[in-house]
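What follows is a single structure, written as structure tokens, with notes after it.
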Amino acid sequence: MARNWALCLGGGEAQLPLILAAKQKGLLVCVVDKNKHCIASPHADKFIKASTYDATPLLSILDSIELPIVTLLARTSGPALYTAAAIDEKLKRFGLSQQLVSLCTIKSRLRDYCEASDIPVPKGTVSDNTNLFPELPVVVRPDYPLSGKKAVTLCTHKHQLKPAVESAKAASADGKADVACFIDGNDISLLAHVRQGSVTPIAWWEEVNQFSNGELKASGLLFPAQITPKIKIQIINAATQFSNSFSNLNYLLAFSFRLDRQQQARLIEVHADLTGDLILDRLLPAATQCEVLPEIVQGLLTDHYPDYTQGQLIPTAIRFDEGETRLLQATDFSELIKQFNNTRESSCDE
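Just so it is clear: in the sequence shown, position 347 is 346 by numbering that gives the first Met the number 0, and no numbers are missing.
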């Protein structure tokens with residue numbers, strides 16, 4: 000009997016754990032990467048040497064080989080996400096669309112969509128006219144970022160704006176800088192299964208970010224997120240409002256919110272890339288004692304996803320230090336915070 004295949008866009012370190020999880024679930028894996036010597040190449044049952052940034056030739060290749068592809072592994076960002084949407088439109092599996100991907104990749108489009116849908120979001124603009132900028136302080140960032148948190152700057156004085164805008168434009172695929180009102184508060188993320196506008200939480204966590212000399216630095220992750228049921232309902236309602244326009248969507252989305260001092264959650268990012276930053280790879284497996292990635296792959300195949308919002312959860316953190324990541328665990332969350340802050344202080348002292 001013929002076995003089913005997973006198609007994986009990219010064969011780098013980010014994709015390898017997903018590839019291995021798919022094989023653990025009995026799937027054959029076809030890997031697409033322009034580098035035939037990529038780290039995932041030895042694990043591929045079939046390898047396609049091609050760019051993940053251009054959907055047209057890749058779709059032609061897939062037509063010619065006629066693999067029975069049942070799922071798409073798209074842990075990627077930027078232009079490759081548009082390729083993922085084009086492939087999924089052909090597979091008719093998850094309901095990914097070019098519009099959804101644009102909201103996940105272009106900051107100004109997400110803000111425009113949220114404002115039109117009455118979803119709370121930080122005010123901002125992509126105009127070069129500083130007179131139209133929100134009141135200081137503001138966060139300047141690439142409108143269409145190509146690399147994580149690169150060129151993200153907190154500006155507290157007007158003279159900082161021009162160099163920050165130029166830096167962000169240079170790091171943006173569309174050559175634009177997004178300037179948004181800075182909101183002081185915590186970053187809360189929700190990983191959810193979105194199906195026909197219905198949002199089912201899978202996991203909650205906190206992202207710890209800080210600005211050093213005006214530049215954004217990712218400090219770490221905390222799980223589970225310490226927020227009230229009321230805030231969870233607020234976030235789920237906003238995620239549901241976001242999802243209402245995508246009635247065909249049946250996929251995982253990660254929503255990132257900034258929680259201000261008045262406990263108002265504002266949507267700042269949406270991810271359709273199966274998350275990064277070791278969330279599914281290290282943070283959740285350590286906290287839940289589960290094989291998270293195989294369970295996520297099983298969900299992609301069956302629509303039945305795990306629930307990491309309850310049960311025996313070990314307070315767990317990942318601390319990002321120079322050149323390494325540290326996994327921290329404790330018996331209660333207050334002790335975990337002490338460990339996390341002590342680690343940060345010792346790193347600063349070094």
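We put the beta carbon where it would ideally sit given N, CA and C, even for glycine.
Check                                                                                                            : Outcome
Unbroken alpha helix (DSSP H) run spanning Val-100, endpoints                                                    : 97 to 104
beta-carbon Ala-169 near the ligand ZN non-hydrogen atom, thresh 7 Å                                             : Looking at this structure, you won't find the ligand ZN or any other ligand, since it has none at all.
Status (buried if at least 16 other CB within 10 Å, exposed otherwise) for Thr-55                                : exposed
Other residues of its chain near Gln-351: CB distance less than 7 Å, five sequence neighbours each side excluded : Nothing about residue 351 can be reported from this structure: the residues present for the chain run from 0 to 349 only.
Thr-408 versus Ala-253 - alpha carbon distance                                                                   : Absent from the model: residue 408. The displayed extent of the chain is 0 to 349, so no value can be given.
Member of Asp-44, Thr-104, Ser-116 whose CA lies at the smallest distance from the CA of Arg-265                 : Ser-116
Candidates Ala-21, Pro-314, Asp-320, Glu-321, of which the one nearest Lys-337 by Cα                             : Pro-314
Alpha helix (DSSP H) segment containing Pro-78, residue limits                                                   : 78 to 90
Nearest neighbour of Gln-225, chosen from Gln-297, Leu-312, Val-291 [CA to CA]                                   : Leu-312
Local conformation of Ile-278 per DSSP, three classes                                                            : helix
Closest Cα partner of Asp-111 within the set Ile-68, Ile-317, Leu-19, Glu-268                                    : Glu-268
Other residues of its chain near Val-207: CB distance less than 6 Å, five sequence neighbours each side excluded : Ser-218, Gly-219
DSSP bridge partner residues for Thr-324 (one or two, in chain order)                                            : Phe-319
Proximity below 8 Å, CB of Ser-107 to CB of Asp-186                                                              : no
Assigned exposure category for Arg-260 - 16 Cβ within 10 Å defines buried                                        : exposed
Simplified DSSP assignment, three categories, for Asn-130                                                        : helix
Secondary structure of Phe-339, DSSP reduced to three states                                                     : helix
With 16 other Cβ atoms within 10 Å as the buried cut-off, status of Ser-171                                      : buried
Classification of Arg-140 by the beta-carbon crowding that lies within 10 angstroms, buried from 16 upward       : buried
DSSP-derived helix/strand/coil call for Ala-356                                                                  : Only positions 0 to 349 of the chain appear in this structure, which leaves residue 356 out of reach.
Inter-residue Cα distance where the pair is Asp-127 and Ala-79                                                   : 28 Å
Exposed unless 16 or more other CB atoms sit within 10 angstroms - verdict on Ile-86                             : buried
Buried versus exposed, by CB contacts within 10 Å (16 or more), Gln-14                                           : buried
Where His-192 falls, given that 16 or more other Cβ within 10 Å makes a residue buried                           : buried
Span separating the alpha-carbon of Gln-240 from that of Gly-184                                                 : 22 Å
Cβ shell of Lys-89 (< 6 Å), same chain only, five flanking positions each side left out                          : none
Strand pairing of Cys-7, partner residues [DSSP]                                                                 : Val-30, Leu-72
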